[in-house]
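To get our numbering, take the position in the sequence shown, counting from 1, and add 1.
First the structure, in the form of structure tokens, and then the observations on it.
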Amino acid sequence: MFMLLKDLILFPTDATFVRVPQAEGRVYVLKFSSSNQRHFFWLQNAVELRDEEFVHHINRLLEMPGYIPVWSVSSARQEAEAAAALQASTSQAAGPSAAAGQPTADQLTQLRDLVSQMAGGAETQEPELSLTDILTPAVLTPLLTRRTGCPQ
């Protein structure tokens, strides 16, 4: 799983979070009014019943950082029921091993092969030295107790 984290500095009322009507799926864009910056997002929860509620709360937080979202209980219940129904239908279609949630031996073998390919086929080796081997108290103490700055 690859996840990209990016820190953004946001000023109140400088950005809006809106759906991209030209895109298929649940694509949203964070638009800045002070620049031409655009950051695209794809909502990934199983059902889209609460997308409008999420967008509303995100935009309110962008306008007023102190805003405290109040989530609708009925829509949360509907979303949970829809997600449970979706999970039940996909697990029935996938067969008995998927319904139990346990991977098959073939799936584990495929996963192991993929991981070894991604690692370049090399066996995982421990590094010869670790950070604690290098940064010992004997090395760090003189650096931390020196009254002058670091030498240039």
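The C-beta atom is built at its ideal place from N, Cα and C for all residues, glycine as well.
These figures come from a predicted structure and were not determined experimentally.
Hey, quick one: how far does the beta strand (DSSP E) through residue i stretch, first residue to last?
i: Leu31; result: Val28 to Phe33
i: Ala16; result: Ala16 to Arg20
i: Arg113; result: Not the beta strand (DSSP E): Arg113 falls in the alpha helix (DSSP H), residues Ala106 to Met119.
Under the three-state reduction of DSSP, which class applies to residue i: helix, strand or coil?
i: Arg61; result: helix
i: Ser98; result: The predicted model places Ser98 with a pLDDT of 48, which falls under 50 and marks its position as unreliable; any figure quoted below should be read in that light. Helix at Ser98.
i: Leu41; result: The residue you asked about is not Leu; residue 41 is Phe in the sequence shown. Strand, per DSSP.
i: Leu6; result: coil
i: Val56; result: helix
i: Leu11; result: coil
Assign residue i to buried or exposed, taking buried as 16 or more other Cβ atoms, counted over all protein chains shown, within 10 Å of its Cβ.
i: Ala24; result: exposed
i: Tyr68; result: exposed
i: Thr146; result: exposed
i: Asp8; result: exposed
i: Arg51; result: buried
Flag this pair as yes or no: are the beta carbons of residue i and residue j separated by less than 7 angstroms?
i: Thr17; j: Lys32; result: yes
i: Arg27; j: Glu53; result: no
i: Tyr29; j: Phe12; result: no
i: Pro66; j: His58; result: no
For the alpha helix (DSSP H) containing residue i, list its first residue and its last residue.
i: Ala139; result: Pro138 to Thr146
i: Leu132; result: Leu132 to Ile135
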